[in-house]
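First up is the structure itself, then whatever we jot down about it.
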Amino acid sequence: MATNFSSVPMLDYSLVSAASTRAAFVCSLQSALTTTGFFYLTSHPVPAELVASVAAYAPRFFAELPEEEKQRIRMVESPHFFGYTGFGTEWTKGRVDQREQFDFGTECEERAGEGVVPAYKRLWGPSQWPEEGLLPGFRTTLASYIAQVSQLGDELMVLVAEALGLPADAFSKFTEERGNVHRGKIIKYPVGADSDQGVGPHFDGGFLTLLLQASEHRGLQVQNLGGEWIDAPPVPGTFVVNIGKALEAVTQGVAIATSHRVLSPASGARYSIPFFQMIAQDVVIGKSVLAMPVEMLALRDARGKVASDCEPSYHVLWRVLMKRAAVNYAEYGELAAGQVMLIGRIKSHPDVGQRHYPQLFHQLFPDGLPAHGSAY
Ligand SMILES: O=C(O)CCC(=O)C(=O)O
Ligand SMILES: [Fe+2]
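Under this note's numbering, the residue at position 210 of the sequence shown is numbered 309, and the numbers go up by one with no gaps.
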């Protein structure tokens, strides 16, 4: 019988600092990685004041920025896919997502100009920020936040390696010499939306996602191994951590990427701030799969077949599995991670692709701009 879960486990990060309790944390991490693919992290080291200050900016960004300023920094202006995306322009599984968002990333200079080959080198570059005077402190607060969450993500990856019986530096080959450029989003799910689909069922792409639920409204749900939707309500002082498809693939499916969705809030706008831990652009995941201990492969196989609205697929050879998985991760086998990300971004935001990556846009959309994009 497959192992299953009916709630998202809570892991206490303070256990990591004492030698006597570290093993207990690693043990619960192993179970979360191999069974739920999702966990809450309590007592984490990102200062509560910084988290509160980031959360307080979320409603202000949408309410206080004038429409012209949102338009000035809209994503279509950025070859790096950073900036503002208006309400109702993103689709998942054939339905409009009821959310509006602002994408930003690790502070970074433009690394390559127009016409560079491979084109994905252009993904890395600066975020688009609103005028300082319109939202004072927004930029520095988010820069500090992403730096601190990145550091926590790096620490977690060392623990992930330990929990999966791998050497502590097992994941270092997925780090670029100049450091990885991670991505974050500020999302608003409005009340009174046209449908209950805040965001439809999907997987995340990179290694780990660390999500801050920035208001008290529930809506996030995680799909268990039997296909049922489990609530993951906001818990003050925690991050919700989940595994992305890249981590699932490099661990041969031992760590499970779990399908999740957000239902539109019933009683007030919901805000969330996910941080997506990215990997080195040039890595071809298909050539970088890690040798996993047999006990870990046995844990994977013990899960049995998983029911999902997104067709996960870790119990067969990962290459076969990736071919069957959600459309934007199928390419991990042969293409560089940066290229996979670029394809996914263009599918999700075809207007940005058409403007900045016309060649690849025409390959993906030979009939021109579709009525909407869909990454998942
Ligand atoms: O808003 C949330 O709680 C989750 C968002 C999410 O899953 C995503 O943007 O990938
Ligand atoms: Fe997600």
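We put the CB at the ideal spot given by N, CA and C, even for glycine.
Starting from residue i, trace the beta strand (DSSP E) in both directions and tell me its first and last residue.
{"i": "Y183", "result": "G182 to T184"}
{"i": "D330", "result": "W328 to D330"}
{"i": "S294", "result": "Per DSSP, S294 belongs to no beta strand (DSSP E) and is neither H nor E."}
{"i": "P373", "result": "R369 to F375"}
{"i": "D111", "result": "M109 to D111"}
{"i": "L463", "result": "From DSSP, L463 is part of no beta strand (DSSP E) but of the alpha helix (DSSP H) over P457 to L463."}
{"i": "L468", "result": "Looking at the DSSP string, L468 is not in any beta strand (DSSP E), and its letter there is neither H nor E."}
Shorter than 7 Å, the distance from the beta carbon of residue i to the closest heavy atom of ligand 1, or not?
{"i": "S371", "result": "yes"}
{"i": "L310", "result": "yes"}
{"i": "H359", "result": "yes"}
{"i": "L362", "result": "no"}
{"i": "V298", "result": "yes"}
{"i": "K284", "result": "yes"}
{"i": "L346", "result": "no"}
{"i": "L319", "result": "yes"}
How about residue i: is its Cβ closer than 7 Å to a heavy atom in ligand 2?
{"i": "D303", "result": "yes"}
{"i": "H281", "result": "no"}
Counting along the chain, where does the alpha helix (DSSP H) carrying residue i start and finish?
{"i": "M256", "result": "F237 to A262"}
{"i": "F161", "result": "A147 to E163"}
{"i": "K446", "result": "A436 to S447"}
{"i": "K272", "result": "Segment: none, K272 is in no alpha helix (DSSP H) and carries neither H nor E."}
{"i": "L128", "result": "A118 to S130"}
{"i": "K284", "result": "Looking at the DSSP string, K284 is not in any alpha helix (DSSP H); the run it does join, the beta strand (DSSP E), is R282 to Y288."}
{"i": "L140", "result": "That residue, L140, is in no alpha helix (DSSP H); its beta strand (DSSP E) goes F137 to T141."}
{"i": "R173", "result": "Where R173 is concerned, there is no enclosing alpha helix (DSSP H), given that its DSSP letter is neither H nor E."}
{"i": "R399", "result": "V393 to A401"}
I think residue i touches residue j, with their Cβ atoms under 8 Å apart; what is that distance to the nearest whole Å?
{"i": "P392", "j": "H316", "result": "Between H316 and P392 the Cβ distance is about 41 Å, and since that is not below 8 Å, they are no contact."}
{"i": "R277", "j": "G204", "result": "Not a contact, Cβ separation roughly 14 Å."}
{"i": "A114", "j": "F338", "result": "Strictly speaking, residue 114 in this sequence is Leu, with Ala absent from that position. Contact flag wrong, Cβ pair sits at about 16 Å."}
{"i": "I285", "j": "I372", "result": "5 Å"}
{"i": "E344", "j": "D303", "result": "Reading off the sequence, residue 344 comes out as Lys, not Glu. Indeed, because the Cβ distance is near 7 Å, the residues count as touching under 8 Å."}
{"i": "M174", "j": "D202", "result": "6 Å"}
{"i": "V107", "j": "A262", "result": "Not confirmed; about 17 Å, so no contact."}
{"i": "H359", "j": "L324", "result": "14 Å between Cβ atoms; not a contact."}
{"i": "A435", "j": "V388", "result": "At roughly 15 Å, the Cβ-Cβ gap does not stay under 8 Å, so A435 and V388 are not in contact."}
{"i": "L311", "j": "A154", "result": "7 Å"}
{"i": "F137", "j": "V280", "result": "With 8 Å as the limit, F137 and V280 do not qualify as a contact, their Cβ atoms being about 25 Å apart."}
{"i": "V248", "j": "L309", "result": "5 Å"}
{"i": "P225", "j": "E209", "result": "7 Å"}
{"i": "Q376", "j": "L441", "result": "Incorrect: roughly 18 Å between the Cβ atoms, too far for contact."}
{"i": "Q476", "j": "S177", "result": "With the chain covering 100 to 475 only, the question about residue 476 has no answer from this structure."}
May I ask whether a heavy atom of ligand 4 can be found less than 7 Å away from the beta carbon of residue i?
{"i": "V290", "result": "What this structure holds is ligand 1 and ligand 2, not ligand 4."}
Contact between the stretch 358-377 and the stretch 284-291: three or more CB pairs below 8 Å? Segments in contact, yes.
Fully enclosed by the stretch 187-233, which beta strand (DSSP E) runs are 3 residues long or longer? Counting whole runs of 3 or more residues, the stretch 187-233 contains the beta strand (DSSP E) stretches 189-191 and 199-204.
Touching by the beta-carbon criterion (3+ pairs, under 8 Å), the stretch 352-363 and the stretch 380-387: Touching, no.
Touching or not, the stretch 291-311 and the stretch 454-465, by the rule of three or more beta carbon pairs under 8 Å? Judged by Cβ distances under 8 Å, the stretch 291-311 makes no contact with the stretch 454-465, as fewer than three pairs qualify.
Three or more C-beta pairs below 8 Å linking the stretch 328-335 and the stretch 227-239: Inter-segment contact for the stretch 328-335 and the stretch 227-239 is absent: fewer than three beta-carbon pairs are separated by less than 8 Å.
contact_flag[the stretch 160-179, the stretch 245-262] where n(CB pairs < 8 Å) is 3 or more: At 8 Å Cβ cutoff, the stretches do not touch.
Answer yes if the stretch 176-194 comes into contact with the stretch 243-254, meaning at least three C-beta pairs across the two stretches below 8 Å, and no otherwise. Three or more beta-carbon pairs separated by less than 8 Å are not found between the stretch 243-254 and the stretch 176-194, which leaves the two stretches without contact.
Please determine if the stretch 210-223 and the stretch 127-140 are in contact, where contact requires at least 3 C-beta pairs separated by less than 8 Å. No, the stretch 210-223 is not in contact with the stretch 127-140.
Any alpha helix (DSSP H) of 4 or more consecutive residues that is wholly inside the stretch 304-364: Counting only runs of 4 or more, we get 344-349.
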